[in-house]
Amino acid sequence: GLELALCPGLPPNEPTMIAVRTKLALSILLASCAPRAAAPAADEAIPRPPPARVRNVQTDLHAMTVTDPYRWMEDLGSPEFQTWANQQNAYTRATLDRLRVRGELLARLHALSGHRDEVTDVRRRGGRLFYLKRPAAADAFGLYVRDDGERERLVIDPQRVAHERVASIDYYEPSPDGRRIAFGVSANGSEDSILHVAEVDTVALLPDTIDHARHGEPRWLPDGTSLFYRRYQRVAPGAATPAKYQGSRDYLHVLGADPDRDAPVFGYGVSPDVPLAPADSPYVYLWPDCPYVFGLAQHGVSNDLTLYVAPLAALDGPRTPWKPLAGVEDQVLDLAVHGSDAYVVTHRGAPRAKVVRVRLDAPDLAHAETVIAPGETVISELAAASDALYVRALDRGIGRILRVPYDAAAPSPLPLPFDGTIAELVSSPAAPGVSLALSSWTRPRIHQAYDPSRGRFVDLGIDPPAGPVPELESTELEVTSQDGTRVPLSIVHLRGLDRSRPHPTLLEGYGSYGLSISPGFDRRRIAWFERGGIFAVAHIRGGGEYGEEWHQAGMKRNKQNSVDDFVACARFLIERGYTSARQLAVQGISAGGLTVGSAITQQPELFGAALVRVGIVDALRFETAPLGPQNAQEFGTSAIPEELRSLHAMSPYYHVADHARYPAVLLTASAHDPRVPAWQPGK
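Number 757 in the numbering used here belongs to position 435 of the sequence shown; there are no gaps in the numbering.
Here you go:
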């Protein structure tokens, strides 16, 4: 998206705004395409931040009265909000431009990262290697292809496709033979994708263009001339904003046909045998040489899936005879298929998950064969190749890959080039082996492929030279939280750092959706490390570091656990001399805004500065955001009295105290963000 924070590492070419509520100054960066104004002269007076008009709105909910002084900001298009934001932009830009160290840091950051390409999202189809790549001088990722023994070539430039300066590829999928590519492009950070299809050899766009395809996720049929895709319904003008992202369906499209005449196959209201809610996300999947097709439904932001199955030969639009394979009560997290066997990751009776096998000719999940028994490792993802099933797991924060041969042999761990985080686990059901991306706190990302014939990983040869990397040291510790829970804490700094004195430290936390902050290398941090800085990550409850129990211990009424864990890690860093309260900065992104925002309103004396990037700070009103209803499983809903109280308690917006001494705070927002609208940090 367009969100950029005015902090070390990103070019200062976006306007900003600052909100002020009582004594707490909140800086907000609104990204747009406007050019940067010239920096003010040193003797030019800094404009004062305009006050935000207070218009208290009182709402009585379940015997609880909630006062919201800035409800008017929720109308982002109003002249009042736009004027206020523009005035805040001027104040923030003038303030930040006067930071003398900022120019030095930017120069160093450009030297570190301005000449290195970035590669991600690697796929192999039809003997070709596809991947997204952002050249050092480019603003966006393009889609590249490389045939064996040939040089790479650009297939899709999103800016040319969208005819916009700011555009991105949201997803892509090559056809099984690698001849065509289906992909989604959105402009200006909106995520409102338009699905296109292109010929790989000629780079020609086909006339097939499908709008309302956010999360379209195309899935090709074996013939390479038809595909499944997800599409949202067109809403009437003036409809409630959340309706734009509800009621989606999966369709079958034959190349050359009119997309508006495509028949729905699976999704909201398609079949009485598949009772899905408006906020559910439907997808249709199929695997080569498998006589079945699968309907998968994600319920809001819940990690537990519902699965349906139907014979591929019986596929008939809304008349497809779907049969249930797994319900929400089965707690299924992932699915992969080989032949007539379905492999399922479930955490039912296994908090850190297990893998079971189901025969599709007689599906019975309750009596499925256990392939990988539950244990200490957290199982998270499956990839089915022609030779074996590959399983991604997390072992005390370290990524592991298990190979499970289809002949019922015991799973075996694969030797990785180094310990770290595994991402982009991708296989082709028609080819042996698996590819992945591997990185750590101290080593840059590399893309590797496992070759089962040689029994080892080989480099894919698509990563740019790493360049000089200083010798870094990472330490994994455990910190005792308020209730006695042991919370993992990662600490990274230059090897040989002088521990006899405190150092500037940036502590990051998240704690939602069962997502983990895994070890990863960011070249921009080198500028921080060179100045004696420390980077730390608090792996707090609400994340997925220790499976579903760890996740549930930080959601809804348990959200305070996330805050307590984060505060405990901050105290540990101060008490052990890594840093001081004056030198401790904290960062939270998106749902991490609830954690960091609550930490600084509950314990402001612990922190010197805070960065809240596109952060949720008003969970009570988040349901009214475009994608808010899907998040009720994670945070709760105001329709339930107990959850209403939890939503109010976890929202730092309602707990800002007059005359309190808060740390310096910078909040960022995206102008077209459907996830966290700008009124959240605006308030």
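Cβ coordinates follow ideal geometry from the N, Cα and C atoms, glycine included.
### Task
Check whether the Cβ atoms of H518 and V507 sit closer than 8 Å, and answer yes or no.
yes
### Message
Here's the rule I'm using: 16 or more other beta-carbon atoms within 10 Å means buried, otherwise exposed. How should E396 be labelled?
### Response
With 16 or more Cβ atoms within 10 Å of its Cβ, E396 is classed as buried.
### Query
Run through DSSP, which three-state label would G1004 get?
helix
### Query
How would you call G617, buried or exposed, if buried means at least 16 neighbouring beta carbons within 10 angstroms?
So G617 ends up on the buried side.
### Query
Whole-angstrom Cβ separation of Y614 and A632, contact assumed at under 8 Å?
7 Å
#### Entry: Cβ separation of F843 and S761, assumed to be a contact under 8 Å, to the nearest whole Å
5 Å
### Task
State the DSSP-derived secondary structure class of Q909, mapped to helix, strand or coil.
Q909 falls in the strand class under three-state DSSP.
### Message
Closest to V987 by C-alpha separation, out of L637, A520, L418, would be which residue?
### Response
L418
### Query
In whole angstroms, what separates the C-alpha of V488 from that of H432?
The C-alpha of H432 is placed about 21 Å away from the C-alpha of V488.
### Task
Return yes when the Cβ of I938 is within less than 8 Å of the Cβ of Y900, no when it is not.
no
### Query
Taking C-alpha atoms, which residue in R370, L398, R776 lies nearest to Q410?
If we check each option's Cα against that of Q410, R370 comes out closest.
### Message
Suppose you measure from the CA of R475 to the CA of L634; what does that come to, to the nearest Å?
### Response
36 Å
### Task
List the endpoints of the continuous beta strand (DSSP E) containing V423.
Not the beta strand (DSSP E): V423 falls in the alpha helix (DSSP H), residues 422-435.
### Query
Should the stretch 570-590 be called in touch with the stretch 543-555, which here means at least 3 C-beta pairs below 8 Å?
yes
### Query
Distance, Cα to Cα, L427 vs L434?
Taking the straight line from one Cα to the other gives about 10 Å.
### Query
So what does DSSP say about A941, is it helix, strand or coil?
helix
### Query
Which word fits E830, buried or exposed, when buried means at least 16 other C-beta atoms lie within 10 angstroms of its C-beta?
Counting every other CB atom within 10 Å of its CB across the protein chains shown gives E830 a total of 16 or more, marking it as buried.
### E927 versus V889, A941, Q909, residue with shortest Cα-Cα distance
V889
### Close-in-space but distant-in-sequence residues of the same chain around V388 (CB under 6 Å, 5 per side omitted)
T381
### Query
Ordered along the chain, which non-local residues of its own chain (more than five positions away) have a Cβ less than 8 Å from that of I516?
A484, G506, V507, S508, T531, I532, D533, A535
### Message
For a quick check, are the C-beta atoms of H384 and P963 less than 8 Å apart?
### Response
yes
#### Entry: Where the alpha helix (DSSP H) containing D419 begins and where it ends
401-419
### Whole-angstrom distance between L598 and V379, CA atom to CA atom
35 Å
### Query
Helix, strand or coil: which one does DSSP assign to H669?
coil
### Query
What are the boundary residues of the beta strand (DSSP E) that F851 is part of?
Note, F851: premise wrong, no beta strand (DSSP E); alpha helix (DSSP H) at 847-852.
### Query
How long is the line joining the alpha carbons of L716 and T807, rounded to whole angstroms?
20 Å
### Task
Hey, could you find the ends of the beta strand (DSSP E) E956 is sitting in?
Careful: E956 lies outside any beta strand (DSSP E), inside the alpha helix (DSSP H) at 954-957.
### Task
Return the CA-CA distance between F957 and D729, expressed in angstroms with no decimal places.
One C-alpha to the other measures close to 43 Å.
### Task
Report yes if the C-beta distance between L794 and V809 is below 8 Å; otherwise report no.
Going by C-beta atoms, L794 is not nearer than 8 Å to V809.
### Task
Select from G869, A619, A565, Q874 the residue whose C-alpha is nearest the C-alpha of G589.
A619
### Message
Suppose contacts are defined by Cβ-Cβ distances below 8 Å. Is A520 in contact with V477 by that definition?
### Response
yes
### Nearest candidate by alpha-carbon position, reference R670, set G950, G649, A658, H660
G649
### Residue(s) in a DSSP beta bridge with A504
E495, V519
### Task
Give a single yes or no on whether G854 has its beta carbon closer than 7 Å to a heavy atom of the ligand ATP.
The ligand content of the structure shown is nil, which means the ligand ATP is not present either.
### Query
What number of angstroms, rounded off, separates the C-alpha of P643 from the C-alpha of V596?
The alpha-carbon atoms of P643 and V596 are separated by roughly 10 Å.
### Query
By the 10 Å Cβ neighbour count, where 16 or more other Cβ atoms means buried, how is W802 classified, buried or exposed?
Going by the sequence as given, residue 802 is Thr instead of Trp. Exposed, since its Cβ has fewer than 16 Cβ neighbours within 10 Å.
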